[in-house]
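Under the numbering used here, the first residue of the sequence shown carries the number 476, and numbering increases by one thereafter. Idealized CB from N, CA, C, for every residue including glycine. What you are looking at is a predicted structure, and each value in this text was computed from that prediction instead of being measured.
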Amino acid sequence: MRHDHSLDPSKDSRMSRLSRRMLIAGAGSAAAGLATGVVAAPAAAHDPGELPPGLTTITPTDPRYPDTQLRGYNKRFVGTPEAVRIVGSTEHVVQAVREAVRGGKRIGVRSGGHGLDGLVDDPAVKIVIDFTEMRDIAFDPVRNAFTIEPGATLGQIYRTLYYGWGVTIPGGVCPAVGAGGHFVGGGVGPLSRQYGLVADLVVAVEVVTVDASGVVRAIVATDNPADPNYDLWWAHTGGGGGNFGVVTKFWLRQPGVRSTNPTQLLPKAPGGYLVGRAIWNWSDMTADAFRRLCANFGAWHEQNSAAGSAGAALYASMIAPRIESGKILISGQVDPSVPSQVTLLDSFLAALGVGVGPAPLIVKTPVQPWLQPTVSAPDTAVSMGILGPPRSKTKGGLLKKRYTDEQIDIAYHHLTRADYAHKASVFTIASYGGRINALAPNATATAHRRSIMLGSVFSCWDVPADDQRHLDWNRSFFRDLYASTGGVPAPSDANEGCYINWPDVDLVDPAHNSSGVGALELYYGANLPRLRRVKAKYDPCGVFQHTLSIR
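Right, here's the structure in full:
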């Protein structure tokens, strides 16, 4: 069944009714609640018409406005909101949401600014709530968990947790990504095969919501099944950003850990960083050789991705850029302080070249401490030679099995076809599975618990006039790759849908998705009905929405 996720034409009237109810209700704060229930917004010590101390409003006439517009990573989308609200506290968020709803203004929420497909930088968004100055990281002895605010970036989180307590989280490889969107979409990275998704560590969230009466308040929802707001916690463990309210704080702790020592509450940071690379020249790569190489990479993951298996200690990625880039690169990453993992890396690299024909160049980096290579990873666009403001398109799918030979032949065609050339257009496959798949699909809002790899087609450029050329290549590649399932990775014995942190608005367009499976089913699978119920309970008037949001 296909769902239409275009903007709801009844939204304006709903917002007007809600605004009237708020004025009648006075938008008062709720009474102070229990730790697992509603937390009242702090009483305002200022005139109702004034802003809370420290809440900054930046409008188009402010000289700072252009900087707020450039906070979005993908420069194909540059928002023009009426105001950007720079928040520094939960009270600020409550006030910003309250005023936006009173005025019937569409809200967008930004943490790190790395949304890939213009969901925040949308012409319909009039008020952007920006967490760039709300990025504290601390240990909370009351909840026996680490607290992280949405504006904290992954690089900052890795550094603070490592130097403070010797621990880390299994997040992504881009240090500039913000916690707010990354965590609620699942959060996958090189350590996820060992420790699960970042969302699997979230034990509580603080969320600013708007109820049916127009009351704006902050709610702390926990993983305690007895918590009356348990479902709100559950929805934020993979339910995607911008759906239910505005998250103002996360609490993280490893499941099942009983210690009160903060150095034992999150995964230990790796004892080092070792990467081995197998590099092939495109000039040596025939269609047969490419087919065998991809088969080897996929077969290794089919055999080494069970939760708790020795192979789950290795994270790998295959990067096959367009032929004019000159090279195909496969890398494996392990912790060299564990001798068995070094052996694992060597066996992985050896398995890649079996039967391929041309021999790869094998390069092992010198063993390094873990933190510095992690927090200094180059920006994706820069690493691909794009030096101007990056413009991009990402399309991806979760794989339960390796790509078929027919699909790899399609990939080879699009990577080598003569009517298109661009070094920064790539086909990638990266590791998934391991500990991620130890949980049941309904244990959290992340339904994808059977996949072993993430495949993607990615294009990055910096010349606006080239938009259509690159989009056409990217879309035709992805459509052909999944031609047998309607142009998208619709659930099958081989596919498990899409990853919400790689949002793709093409999925709501029948021209790009003829599978009969709607975008939200691709993102949330069997968890979608429950997510809809959470949406109805905590955002009954549809205040929080975007092109791919839950309705």
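### Message
Tell me which residue opens and which closes the alpha helix (DSSP H) that residue 956 is part of.
### Response
Mapped onto the sequence shown, residue 956 falls at position 481. Residue range 942-956 is occupied by the alpha helix (DSSP H) that includes residue 956.
Please list the terminal residues of the continuous beta strand (DSSP E) segment that includes residue 872.
Residue numbering aside, residue 872 sits at position 397 when the sequence shown is read from its first letter. 866-874 is the span of the beta strand (DSSP E), which, as asked, contains residue 872.
- Can you give the Cα-Cα distance for residue 830 and residue 779, rounded to whole angstroms? For the purposes of this step, residue 830 is identified with residue 355 of the sequence shown, where counting begins at 1. For the purposes of this step, residue 779 is identified with residue 304 of the sequence shown, where counting begins at 1. For residue 830 and residue 779, the gap between their C-alpha atoms comes out near 20 Å.
Point to revise | Proximity below 8 Å, CB of residue 709 to CB of residue 921 | key: The residue labelled residue 709 in the question sits at position 234 within the sequence shown. The residue labelled residue 921 in the question sits at position 446 within the sequence shown. Not closer than 8 Å, so no.
Looking at residue 826: is its Cβ nearer than 8 Å to the Cβ of residue 775?
Position 351 of the sequence shown holds residue 826. Position 300 of the sequence shown holds residue 775. Yes, these two residues count as a Cβ contact at 8 Å.
Please list the segments of the beta strand (DSSP E) lying wholly inside the segment 671-758, counting only runs of 3 or more residues, in order along the chain. You should have 677-685, 691-697, 721-727 and 749-756.
query = What number of angstroms, rounded off, separates the C-alpha of residue 584 from the C-alpha of residue 722?
reply = The sequence position of residue 584 within the sequence shown is 109, counting from 1. The sequence position of residue 722 within the sequence shown is 247, counting from 1. So the two alpha carbons sit approximately 9 Å from each other.
> So what's residue 516 in DSSP terms, helix, strand or just coil?
Replying inline: The residue you call residue 516 lines up with position 41 of the sequence shown. Legend: pLDDT at residue 516 = 36, less than 50; position of this residue unreliable, no value from coordinates given.
Opening and closing residue of the alpha helix (DSSP H) in which residue 849 lies = Taking the sequence shown and counting its residues from 1, one reaches residue 849 at position 374. Its alpha helix (DSSP H) spans residues 846-850.
Quiz item: Hey, how far is the Cα of residue 1108 from the Cα of residue 536?
Solution: Any answer about residue 1108 is impossible in this case: the structure gives the chain only from 476 up to 1026.
- Evaluate residue 888 with the Cβ neighbour count: other Cβ atoms within 10 Å of its Cβ, from every protein chain shown; 16 or more gives buried, anything less gives exposed. What you label residue 888 is simply residue 413 of the sequence shown in a count that begins at 1. When all chains shown are included, residue 888 counts as exposed.
**Message:** Nearest by alpha-carbon distance to residue 899: which of 926, 908, 936 and 907 is it?
**Reply:** On the sequence shown, position 424 is the one that residue 899 refers to. Nearest C-alpha to residue 899: 936.
Discussion item. Please state whether the Cβ-Cβ distance between residue 693 and residue 569 is less than 8 Å.
Written reply: Along the sequence shown, read from residue 1 onward, the residue named residue 693 stands at position 218. Along the sequence shown, read from residue 1 onward, the residue named residue 569 stands at position 94. Taking the C-beta atoms as reference points, residue 569 is found nearer than 8 Å to residue 693.
*asked:* What does the alpha-carbon distance come out to for the pair residue 641 and residue 843?
replied: Taking the sequence shown and counting its residues from 1, the one referred to as residue 641 is at position 166. Taking the sequence shown and counting its residues from 1, the one referred to as residue 843 is at position 368. The straight-line gap from Cα to Cα measures roughly 16 Å.
On the DSSP bridge list, what partners appear for residue 804?
By one-based count along the sequence shown, residue 804 stands at place 329. DSSP output for residue 804 lists 754 and 794 as bridge partner(s).
Specify the secondary structure class of residue 839 as computed by DSSP and reduced to three states. Translated into positions along the sequence shown, residue 839 becomes position 364. Three-state result, residue 839: strand.
### Task
Could you please give me the residues that DSSP links to residue 911 through a beta bridge?
The count along the sequence shown starts at 1 and reaches residue 911 at position 436. Looking at the DSSP output, residue 911 sits in no beta bridge, so it has no partner there.
Requested in this report: Under 6 Å Cβ to Cβ from residue 610, same chain only, skipping five residues before and after it: list those, please.
Outcome: Position 135 of the sequence shown holds residue 610. The answer, listed in chain order, is 624, 626 and 627.
task: Determine the burial state of residue 1002: buried for a count of at least 16 other Cβ atoms within 10 Å of its Cβ, exposed for fewer.
output: One-based indexing of the sequence shown puts residue 1002 at position 527. It counts as buried.
*Count the other C-beta atoms from every protein chain shown that fall within 10 angstroms of the C-beta of residue 938, then say buried if there are 16 or more, exposed otherwise.*
Numbered from 1 along the sequence shown, position 463 holds the residue referred to as residue 938. Its Cβ having fewer than 16 others within 10 Å, residue 938 is exposed.
Next on the checklist: Please state the DSSP three-state secondary structure of residue 896.
Outcome noted: One-based indexing of the sequence shown puts residue 896 at position 421. Residue state, collapsed to three classes: coil.
* Asked: Under the rule that 16 or more other beta-carbon atoms within 10 Å means buried, what is residue 574, buried or exposed?
  -> Position 99 of the sequence shown, counting from 1, holds the residue named residue 574. So residue 574 ends up on the buried side.
With 16 as the cutoff for other CB atoms within 10 Å, does residue 1028 come out buried or exposed?
Because residue 1028 is not part of the residues shown, which for the chain are 476 to 1026, the question remains open.
Can you list, in chain order, the residues of its chain with a C-beta nearer than 6 Å to that of residue 711? Leave out the 5 residues immediately preceding and following it. Residue numbering aside, residue 711 sits at position 236 when the sequence shown is read from its first letter. For residue 711, same chain residues with a beta-carbon under 6 Å away, outside a window of 5 residues either side, are 659 and 680 in chain order.
* Would you call residue 790 buried or exposed, if buried means 16 or more other Cβ atoms sit within 10 Å of its Cβ? -> As a working note, residue 790 is residue 315 in the sequence shown. Taking all protein chains in view, the Cβ of residue 790 is crowded by 16 or more other Cβ atoms within 10 Å, so the residue is classified as buried.
**Request:** Take residue 582 and list the residues in its own chain whose beta-carbon comes closer than 6 Å to its own, dropping the five residues that flank it on each side.
**Result:** By 1-based counting over the sequence shown, the position of residue 582 is 107. Leaving aside the five residues that flank residue 582 on each side, the residues in its chain whose CB is nearer than 6 Å to its CB run, in chain order, 575 and 602.
task = Just tell me which of 958, 804, 715 and 606 has its CA closest to the CA of residue 1009.
result = In the sequence shown, residue 1009 corresponds to position 534, counting from 1. Residue 1009 has its Cα closest to that of 715, out of 958, 804, 715 and 606.
How should residue 707 be labelled, buried or exposed, when 16 other C-beta atoms within 10 angstroms of its C-beta is the threshold for buried?
-> Here residue 707 corresponds to residue number 232 of the sequence shown, with the count starting at 1. Around the beta carbon of residue 707, a 10 Å sphere encloses 16 or more other beta carbons of the protein chains shown; the residue is thus reported as buried.
| request: Could you say if the segment 549-560 and the segment 858-870 meet the contact criterion of at least three C-beta pairs nearer than 8 Å? | output: At 8 Å Cβ cutoff, the stretches touch.
Sheet register partners of residue 619 (DSSP bridge): Position 144 of the sequence shown, counted from the start, is the residue given in the question as residue 619. Partner(s): none; residue 619 has no beta bridge.
| field | residue 725 versus residue 964: straight-line alpha-carbon distance, rounded | value | Locating residue 725 in the sequence shown gives position 250, where the first residue counts as 1. Locating residue 964 in the sequence shown gives position 489, where the first residue counts as 1. A straight line joining the alpha-carbon of residue 725 with that of residue 964 spans about 31 Å.
- Query: Quick one: is residue 814 buried, meaning 16 or more other Cβ sit within 10 Å of its Cβ, or exposed?
  - Reply: Residue 814 sits at position 339 when you count from the first residue of the sequence shown. Classification of residue 814: exposed, given that the 10 Å Cβ count is below 16.
* Asked: What is the rounded straight-line gap between the Cα of residue 995 and the Cα of residue 1023?
  -> Locating residue 995 in the sequence shown gives position 520, counting from the first residue. Locating residue 1023 in the sequence shown gives position 548, counting from the first residue. Rounded to whole angstroms, residue 995 to residue 1023 spans 7 Å at the Cα level.
Task: Straight-line gap, residue 876 to residue 821 (C-alpha atoms, nearest Å) - done: For the purposes of this step, residue 876 is taken as residue 401 along the sequence shown, with counting starting at 1. For the purposes of this step, residue 821 is taken as residue 346 along the sequence shown, with counting starting at 1. One alpha carbon belongs to residue 876, the other to residue 821, and they sit about 23 Å apart.
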